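Using our numbering, the first residue of the sequence shown is number 2, and each one after it goes up by one.
Think of the CB as a built atom: it goes at the ideal place given N, C-alpha and C, for glycine as much as any other residue.
In this text the structure is predicted, and so the values were computed from the model without any measurement.
Scroll down for the structure; my scribbles are underneath it.
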Amino acid sequence: MRQHTPLHGFVAPGFEPVQVEFARNFAERGELGAACTIYLKGEKVVDLWGGYRDIQKQKPWEENTLVLVFSSSKGLSALACAVAHSRGYFSYDAPVAQYWPEFAQNGKEHITIRQLLAHEAGLAVIEEPLTLDILAHPDELAKILARQRPLWEPGTRHGYHAFSLGWYESELIRRTDPHKRTLGRFFHDELAVPLGLEFYIGLPPDIPDERIATVTEPGIISKLLGMPKGMMLSALNPHSLVVRTANPRIRSNLILNTPPFRAVEIPSAGGIGQASSIAHAYSVFATEGKELGLTERTLAELRAPATPPREGWRDVILARDMAYALGFLKPFSGYHFGSSPAAYGGPGSGGSFGFADPDAQVGYAYVMNHQGIRVLDEPREKILRDTFYKCLAGRTL
């Protein structure tokens, strides 16, 4: 007898097809547990969750279930940086070393914050081994980050700073914030608390394990086949940039969902939260950001289209064209999301995705615990996104 999959939530009138496709994800596309929330002009029009938070399908996904979103964390970390920018803590075009003098070591004195956030700084690999103990002590981590030598001339190319970007962002905030907070603490105090979000960069010890979904990982062959060819070949070479970006050295990203890793701040890959909170945060940014006191100048910076580094759009680590700006992924010719180039967000390993679409005033998020193999456009996520925009177009005719 076929097991009934528990599905919950609502959609506003006119968005019923999104709910239909969400159900089809479980019935036809192998979904385990997932949630999708979408805001339009500040109002929640889609809020769906269902399936199971465990592989054995014994524990239903609840409305308050939390899940690791891997690199979708980068988008939330970039939102924190944008709040700091609005407060006047730094200029995107200033050298990082202006605020963090030790950063100027080994040829990094002219790297701007804009270049750093666009993955152009050549700091995708941290050569010195990182441990959980180091990650728990920001002063020690900062010394290691400051000593790192760029792998290429900053500004000439970009390459995905899979783990390192968030720690550099965190130290930048720590150096400029009057209260010297880490990125995770700053996010909690300045975004999560005022907006009522449940999203954590560094999980508090009082959050019970029972609330956190178990994450699956594709088999190694499937995972490799889902990569661009160049990235796949690099992943098989233990000395390649793709492999070396993972520091601490981990064989499986599932280790990020274990209690010791949840407890430390990994702003680029360790965020844990709910789709509803991610969508709410992006919705605030997509609707002028008054709740957070965002300035017009900051919002205009976020809306601006991405510009390529001098040698073009090709990401030297992902081995495909990509477009980055201010810590976010931006739409480009090879990848479209939102209604215009003004959109910005962050996708994560396996298919999670959150973004702001200022032109349509949309805040969107999809999270899941069964990872797919695509670097971008996981089919279970993409069908919900595409269906929503089809519904939105129908409402505006």
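Problem set entry | Same chain, Cβ closer than 7 Å to ILE384, five either side skipped, listed in chain order | The count along the sequence shown starts at 1 and reaches residue 384 at position 383. Answer for ILE384: GLU22, listed in chain order.
Problem set entry | Rounded Cβ spacing between ALA324 and ALA307 (contact assumed at less than 8 Å) | One-based indexing of the sequence shown puts residue 324 at position 323. One-based indexing of the sequence shown puts residue 307 at position 306. Indeed, because the Cβ distance is near 4 Å, the residues count as touching under 8 Å.
For this session: Would you decide whether SER78 is buried or exposed? Buried here means 16 or more other CB atoms lie within 10 Å of its CB.
Result: As a first step, residue 78 must be located in the sequence shown, where it is residue number 77. With a 10 Å radius around the Cβ and a threshold of 16 neighbouring Cβ atoms, SER78 comes out buried.
For this session: Within its chain, find whatever has a CB closer than 7 Å to the CB of ASP55; leave out the 5 residues flanking it on each side and keep chain order.
Result: Taking the sequence shown and counting its residues from 1, one reaches residue 55 at position 54. Result list for ASP55: THR215, in chain order.
Problem set entry | Close beta carbons around PRO195, own chain, < 7 Å, minus the five adjacent residues each side | Position 194 of the sequence shown, counting from 1, holds the residue named residue 195. Within the same chain, PRO195 has close Cβ partners GLU292, LEU293.
Problem set entry | Nonlocal neighbours in the same chain, by C-beta distance under 7 Å from ALA143, ignoring five residues either side | Position 142 of the sequence shown, counting from 1, holds the residue named residue 143. The residues are GLU172.
For this session: Less than 8 Å between the CB atoms is what I'm expecting for THR299 and SER72, so what's the real figure, rounded?
Result: Start at 1 with the first residue of the sequence shown, and residue 299 comes out as number 298. Start at 1 with the first residue of the sequence shown, and residue 72 comes out as number 71. With a beta-carbon spacing of about 23 Å, THR299 and SER72 fall beyond the 8 Å limit used to define contacts.
Problem set entry | For ALA305 and ARG381, the rounded distance between their alpha carbons | Taking the sequence shown and counting its residues from 1, one reaches residue 381 at position 380. Taking the sequence shown and counting its residues from 1, one reaches residue 305 at position 304. Looking at the backbone, the Cα of ARG381 and that of ALA305 are separated by about 29 Å.
For this session: Look at the alpha carbon of ASN370 and the alpha carbon of GLN275, and state the distance between them as a whole number of angstroms.
Result: In the sequence shown, counting from the first residue as 1, residue 370 sits at position 369. In the sequence shown, counting from the first residue as 1, residue 275 sits at position 274. Taking the straight line from one Cα to the other gives about 12 Å.
Exercise. Looking at PHE333 and TYR345, is the spacing between their C-beta atoms short of 8 Å?
Worked result: If you number the sequence shown from 1, residue 345 lands on position 344. If you number the sequence shown from 1, residue 333 lands on position 332. No, they are not a contact pair.
For this session: For my contact list, THR288 and GLY43 are in at a C-beta cut-off of 8 Å; report their separation, rounded to the angstrom.
Result: What you label residue 288 is simply residue 287 of the sequence shown in a count that begins at 1. What you label residue 43 is simply residue 42 of the sequence shown in a count that begins at 1. Contact between THR288 and GLY43 holds: their C-beta atoms lie close to 5 Å from each other, under 8 Å.
For this session: Mind reading off the beta-carbon distance from ASN107 to ARG148? Whole number of angstroms is fine, and I expect it under 8 Å.
Result: Mapped onto the sequence shown, residue 107 falls at position 106. Mapped onto the sequence shown, residue 148 falls at position 147. That belief holds up - the Cβ atoms of ASN107 and ARG148 are roughly 7 Å apart, short of 8 Å.
Exercise. Can you pull the DSSP bridge partners for PRO96?
Worked result: Taking the first residue of the sequence shown as 1, we reach residue 96 at position 95. In the DSSP output, where bridge partners are listed per residue, PRO96 has THR113.
For this session: Express the C-alpha separation of LYS58 and MET2 in angstroms, rounding to a whole number.
Result: The residue given as residue 2 occupies position 1 in the sequence shown. The residue given as residue 58 occupies position 57 in the sequence shown. In this prediction, MET2 scores a pLDDT of 38, lower than 50, which makes its location untrustworthy; no coordinate-derived value is stated.
Exercise. Which value, in whole angstroms, describes the spacing of the CA atoms of ALA163 and GLY395?
Worked result: Reading the sequence shown from its first residue, position 162 is the one you call residue 163. Reading the sequence shown from its first residue, position 394 is the one you call residue 395. Straight across, the Cα-Cα distance linking ALA163 with GLY395 is about 38 Å.
Problem set entry | Three-state secondary structure assigned by DSSP to VAL21 | To locate residue 21, count along the sequence shown from 1; it is residue 20. Three-state result, VAL21: helix.
Exercise. Leaving out the 5 sequence neighbours to the left and right, which residues in its chain are closer than 7 Å to LEU184 when beta-carbon positions are compared?
Worked result: In the sequence shown, counting from the first residue as 1, residue 184 sits at position 183. Non-local beta-carbon contacts of LEU184 in its own chain, meaning distances under 7 Å to residues more than five positions away in sequence, involve SER78, ALA81, GLY167, GLU170, SER171, ILE174, ILE202, GLU266, PRO268 in chain order.
For this session: Consult DSSP for PHE91 and reduce its assignment to one of helix, strand or coil.
Result: In the sequence shown, counting from the first residue as 1, residue 91 sits at position 90. In this structure, PHE91 counts as coil in the three-state DSSP scheme.
For this session: Below 6 Å CB to CB, which residues in the same chain sit around ILE279 once its five sequence neighbours on both sides are set aside?
Result: For the purposes of this step, residue 279 is identified with residue 278 of the sequence shown, where counting begins at 1. So the qualifying residues of the chain are GLY355, ALA366.
Exercise. ILE318 and GLY160: beta carbons closer than 8 Å?
Worked result: Your numbering for residue 318 matches position 317 in the sequence shown. Your numbering for residue 160 matches position 159 in the sequence shown. With a cutoff of 8 Å on beta-carbon distance, ILE318 and GLY160 are scored as near each other.
Problem set entry | Straight-line Cα distance separating GLY34 from LEU8 | For the purposes of this step, residue 8 is identified with residue 7 of the sequence shown, where counting begins at 1. For the purposes of this step, residue 34 is identified with residue 33 of the sequence shown, where counting begins at 1. Each residue's Cα considered, the two are about 10 Å apart.
Problem set entry | Own chain partners of ARG311 with C-beta closer than 8 Å, once the 5 adjacent residues on each side are dropped | On the sequence shown, position 310 is the one that residue 311 refers to. Once the five neighbours on either side are set aside, the close Cβ partners of ARG311 are GLY156, THR157, ARG158.
For this session: Taking only runs that begin and end inside the segment 106-154, name each unbroken alpha helix (DSSP H) of 4 or more residues, in chain order.
Result: The qualifying runs are 114-118, 133-136, 139-148.
Problem set entry | Assigned exposure category for PRO205 - 16 Cβ within 10 Å defines buried | Position 204 of the sequence shown, counted from the first residue, corresponds to residue 205. The residue is exposed, with fewer than 16 neighbouring Cβ atoms inside 10 Å.
Exercise. CB-CB under 7 Å to THR217, same chain, minus the five flanking residues each way: which ones, in chain order?
Worked result: Taking the first residue of the sequence shown as 1, we reach residue 217 at position 216. Only LEU33, ILE56, ASN370, HIS371, GLN372 meet the Cβ criterion.
Problem set entry | Limits of the unbroken beta strand (DSSP E) element including GLU44 | Position 43 of the sequence shown, counted from the first residue, corresponds to residue 44. Where GLU44 is concerned, the enclosing beta strand (DSSP E) stretches over 44-52.
Exercise. Excluding sequence positions up to five away, which residues of its chain have a Cβ less than 8 Å from the Cβ of PRO261?
Worked result: On the sequence shown, residue 261 is found 260 positions in, with the first residue counted as 1. Contacts found: LEU133.
Exercise. Leaving out the 5 sequence neighbours to the left and right, which residues in its chain are closer than 7 Å to SER341 when beta-carbon positions are compared?
Worked result: On the sequence shown, position 340 is the one that residue 341 refers to. For SER341, where only same-chain residues beyond five positions count, the Cβ hits under 7 Å are ASP360.
Exercise. So GLY123 packs on TRP153, CB below 8 Å; how close in whole Å?
Worked result: Taking the first residue of the sequence shown as position 1, residue 123 is located at position 122. Taking the first residue of the sequence shown as position 1, residue 153 is located at position 152. The pair is a contact, with the Cβ atoms about 4 Å apart (cut-off 8 Å).
Exercise. So the alpha helix (DSSP H) ALA324 belongs to, where does it begin and stop?
Worked result: On the sequence shown, position 323 is the one that residue 324 refers to. That residue, ALA324, is in no alpha helix (DSSP H); it is neither H nor E in DSSP.
Exercise. Where do the N-terminal and C-terminal ends of the alpha helix (DSSP H) with MET244 fall, by residue?
Worked result: Working through the sequence shown from its first residue, we reach residue 244 at position 243. The sequence given here has Val at residue 244, not Met. Its alpha helix (DSSP H) spans residues 242-245.
For this session: Please classify PRO268: does DSSP put it in a helix, a strand, or coil?
Result: Here the question's residue 268 lines up with position 267 in the sequence shown. In the structure shown, PRO268 sits in coil (DSSP, three-state: anything other than H, G, I, E or B).
Exercise. Is it true that the segment 110-128 meets the segment 242-249, where meeting means three or more beta-carbon pairs spaced less than 8 Å apart?
Worked result: Touching, yes.
Problem set entry | Helix, strand or coil at ILE208 according to DSSP, with G and I counted as helix | Along the sequence shown, read from residue 1 onward, the residue named residue 208 stands at position 207. Note: ILE208 maps to coil in three-state DSSP.
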